[in-house]
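Heads up, the thing below is written out as structure tokens.
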Amino acid sequence: MKKIHVNATVSHASSDNSDRGNRRILHTLERRYLSPDAQAMVYSLLNSGNVPLNVTENTIQQAVALGTLNEVPVDAQTFEALLAAVTLNPSFRIPSFSGSEPAVFPKRFC
Numbered sequence: 001m002k003k004i005h006v007n008a009t010v011s012h013a014s015s016d017n018s019d020r021g022n023r024r025i026l027h028t029l030e031r032r033y034l035s036p037d038a039q040a041m042v043y044s045l046l047n048s049g050n051v052p053l054n055v056t057e058n059t060i061q062q063a064v065a066l067g068t069l070n071e072v073p074v075d076a077q078t079f080e081a082l083l084a085a086v087t088l089n090p091s092f093r094i095p096s097f098s099g100s101e102p103a104v105f106p107k108r109f110c
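According to our numbering, the sequence shown is numbered sequentially starting from 1.
Structure below.
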């Protein structure tokens, strides 16, 4: 399996983007919970400018949330599914099962 190294910085390519010229690198947690292929997708999205920046950022956040819950990096296929979900519903969120809020399971699972 070929490894992809994507720790480089990327400029936003959209000409109408007010943040043009800013650089975006993935945070340590983002690199931890996104597979190398998913990281490559992130940089591709940022470079293309075809997807609004807020959609890309929300997708990254949801992927990290999912990766944290599963303790496994999100692969490119799952990242693409999350991107579709966020594109359809910009307020899409992965539910958090932190210690402060107990998970509620249907009676059949109790």
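Beta carbons: idealized from backbone N, C-alpha and C, even for Gly.
Self-check item: Segment limits, alpha helix (DSSP H) that includes Ser44
Solution: Bounds of the alpha helix (DSSP H) holding Ser44 are Pro36 to Ser48.
Quiz prompt | For Val74, the residue or residues it bridges with in DSSP | solution = Answer is Leu34, bridged to Val74.
Quiz item: Quick check: the segment 29 to 38 against the segment 67 to 77, are there 3 or more CB pairs under 8 angstroms?
Solution: Below 8 angstroms, enough C-beta pairs join the segment 29 to 38 and the segment 67 to 77 to call them touching: three or more.
Quiz item: On the premise that Pro90 lies in contact with Asn184, defined as a C-beta separation below 8 angstroms, what is that separation, rounded to the nearest angstrom?
Solution: Because the chain spans 1 through 110 in this model, residue 184 falls outside it and cannot be assessed.
Quiz item: Could you give the distance in angstroms between the alpha-carbon of Met41 and the alpha-carbon of Leu88?
Solution: Cα to Cα, Met41 sits roughly 18 angstroms from Leu88.
Exercise. Kindly indicate which residue of Ile25, Pro52, Arg24 and Phe92 has the alpha-carbon position closest to the one of Leu115.
Key: One cannot answer for residue 115 here, as it falls past the ends of the chain, which runs 1 to 110.
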